[in-house]
Amino acid sequence: MLRALALVLLAAAPARGNDVLAVVTTSTDLKALVEAVGGERVTVASLAPALHEPHAVDVTPGQLARLKSAALLVRVGLDHEPWLARVRATVHDPRFAPGGPGDVDLSRGIDLLQIETPKIKSEQGAHVHGFGNPHYWLDPANARPMTRTILEALARRSPDGREIFARNRARFLERLDASIARWTDIMAAHRGARVVVYHDSWPYFARRFGLVVVATVEPVPGVPPSPASLAALTTRMKDAGVRLLIVEPSAGHSIASRVAASSGARVITLVPSVGGDPEARDYLQLFELNVRRLTEALAGGR
Ligand SMILES: [Zn+2]
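All you need for the working numbering is the position in the sequence shown, starting with 1, plus 921.
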């Protein structure tokens, strides 16, 4: 009887609830990584769904309320989240202002690509890769610096959790490293394969696994191609022997199919974020799925 009572008390005792940090992230990928480090000591919600247009994220009142009561806002940074300006203006909480005590910008500590891209005047609501390419979470090795920043942010808010966070992270990195070694092995047969991408989301992934991104279908991130640029692209793809045209589930399929048909490449859909496909349930499975789709397509020949 006493034992049963103790169990009930134990079950009802997230008086440890005080120790559970509420975290809001801007993407499902960051949510997955915060959960990997925070474990049971965090509850995490993503503001954006897995698949979305960078310009069209509508944040609900429920999500805003969640942010107001959160300890941390974890984001990709650079110009990846143009919609966040509106969220910040609405919530009006100095903790989440850029550089504020609750603001966690994971782009710090990342070796960024394309920082030489001329800074295009950042218009309202633009996601133009103006400060370097923001799709850095698509190199799985970048999860190491990203989770380091997450660990530090969580431990700052919850110092007694530091050891647990560090242990969780070490366990995650062990699985990550083993997976990266395996994916690299699998992809080795296709090193140097030439691809074209619809949106320029894949330079980090390509560098990690030895793919060569010959061109992008969008002339500038977020800008649809003109008929003239499509014609030039098709010629370039034929000349370069491009075998794959990479699209994402959310956009560009009809244009991509036309380009593929006239260039002789095949279209392949890769998933840019955790939850963007039922099989991409967490950060490791996201790469598991993409590596499998790529190797199947590349092994299939032209
Ligand atoms: Zn982008």
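Using N, Cα and C, we set each Cβ at its ideal position, and we do this for glycine too.
If you draw a straight line from the alpha carbon of residue i to that of residue j, how long is it in whole angstroms?
i, j, result
"L951", "S967", "8 Å"
"A1099", "A1149", "45 Å"
"Y1119", "V1163", "13 Å"
"S1145", "P1055", "The sequence shown places Pro at residue 1145, rather than the Ser named in the question. If you take the alpha carbons of P1145 and P1055, they lie about 19 Å apart."
"S948", "A969", "5 Å"
"G1185", "P1170", "21 Å"
"A934", "A943", "With a pLDDT of only 42 at A934, under the threshold of 50, the placement of this residue in the model should not be trusted; the figure read from the coordinates follows. When rounded, the distance between both Cα atoms is 18 Å."
"T1214", "G1197", "The amino acid occupying residue 1214 in the given sequence is Arg; Thr does not appear at that position. Near 14 Å, if we compare the C-alpha coordinates of G1197 and R1214."
"F1208", "A953", "13 Å"
"H1050", "E1037", "10 Å"
"T1070", "M1158", "39 Å"
"V1116", "F1126", "12 Å"
"V1025", "A1182", "44 Å"
"Y1204", "V1195", "6 Å"
"L988", "L994", "7 Å"
"T946", "E974", "16 Å"
"A1110", "L1132", "11 Å"
"I1189", "R1078", "42 Å"
"R1202", "D1014", "32 Å"
"A1153", "E1002", "31 Å"
"R1112", "P1080", "44 Å"
"V1212", "A971", "19 Å"
"V1192", "L1165", "15 Å"
"S990", "F1052", "30 Å"
Got a sec? Which residues, its chain only, sit under 8 Å from residue i by beta carbon, not counting five neighbours each side?
i, result
"Q1151", "According to the sequence shown, residue 1151 is Leu rather than Gln. Excluding positions up to five away in sequence, the list reads V1138, I1176, R1179, V1180."
"L985", "V1008, T1011, V1012"
"L930", "Below a pLDDT of 50, predicted positions are generally treated as unreliable, and L930, at 45, falls in that range; no measurement from the model is reported."
"P1124", "L1034, Q1035, N1054, H1056, V1134"
"V941", "P935, E961, R962, V963, T964"
"R1128", "L1034, D1060"
"D1160", "none"
"G983", "none"
"S1147", "P1140"
Skipping 5 residues on each side, what residues in its chain have a beta carbon closer than 6 Å to that of residue i?
i, result
"R1016", "P1022, G1023"
"G959", "L1075"
"M1108", "F1130"
"V980", "L968, V1008"
"S1028", "G998, L999"
"A1220", "none"
"A957", "F1093"
"A1004", "Looking at the sequence shown, residue 1004 is not Ala but Trp. For W1004, where only same-chain residues beyond five positions count, the Cβ hits under 6 Å are V978."
"A1006", "none"
Compare the C-alpha of residue i against each of the options and name the closest.
i, options, result
"V1135", "L1094, Q1206, I1167", "I1167"
"I1031", "S990, R1096, L1132, A1064", "A1064"
"A992", "A971, P1003, A1018", "A1018"
"D1121", "A1172, A1153, H1111, R1187", "A1172"
"E1095", "T1068, L1154, V1117, V1025", "T1068"
"T1216", "P1066, G1082, A1114", "A1114"
"A1218", "L1097, R1187, D1081", "R1187"
"E1073", "V955, I1189, V1192", "V955"
"W1058", "H1174, V978, R996", "R996"
Quick one: residues in its chain with C-beta nearer than 7 Å to the C-beta of residue i, no 5 flanking neighbours on either side, listed in chain order?
i, result
"E1200", "Q1206, L1210"
"A1062", "I1101, R1129"
"G1082", "D940, R962, L1075, A1076"
"T1155", "V1180, S1183, S1184"
"H1048", "P975, H976, D1000, H1001, P1003, P1142, G1143"
"H1174", "V1168"
"L1097", "P1061, A1064, L1205"
"P1066", "G1030, I1031"
"G1020", "none"
Please report whether the beta-carbon of residue i lies at a distance below 9 Å from any beta-carbon of chain B.
i, result
"A1109", "Although the question refers to chain B, the structure presented lacks it and comprises just one protein chain."
- Item | Ranges of the beta strand (DSSP E) found wholly within the region 1114-1150, counting only runs of at least 3 | If you keep only unbroken beta strand (DSSP E) runs of at least 3 residues inside the region 1114-1150, you get 1115-1118, 1133-1137.
- Query: Should the region 1124-1144 be regarded as contacting the region 1077-1093, the criterion being three or more beta carbon pairs within less than 8 Å?
  - Reply: Output reads no: the region 1077-1093 does not touch the region 1124-1144.
- Query: Is the region 1103-1122 in contact with the region 1079-1086, if contact means three or more CB pairs nearer than 8 Å?
  - Reply: Per the Cβ contact rule, the region 1103-1122 is not in contact with the region 1079-1086 (fewer than 3 Cβ pairs under 8 Å).
- Message: If we require 3 or more residues per run, which beta strand (DSSP E) segments fall completely within the region 973-1027?
- Response: Listed in chain order, the complete beta strand (DSSP E) runs (minimum 3 residues) inside the region 973-1027 are 993-996, 1024-1026.
- Curious, which full-length alpha helix (DSSP H) runs of at least 4 residues does the region 1050-1099 contain? Qualifying alpha helix (DSSP H) stretches, in chain order: 1064-1078.
- Just list the alpha helix (DSSP H) runs in the region 1159-1223, keeping only unbroken ones of 4 residues or longer that don't cross its boundaries, in chain order. Those alpha helix (DSSP H) runs which fall completely within the region 1159-1223 and span 4+ residues are 1174-1184, 1204-1220.
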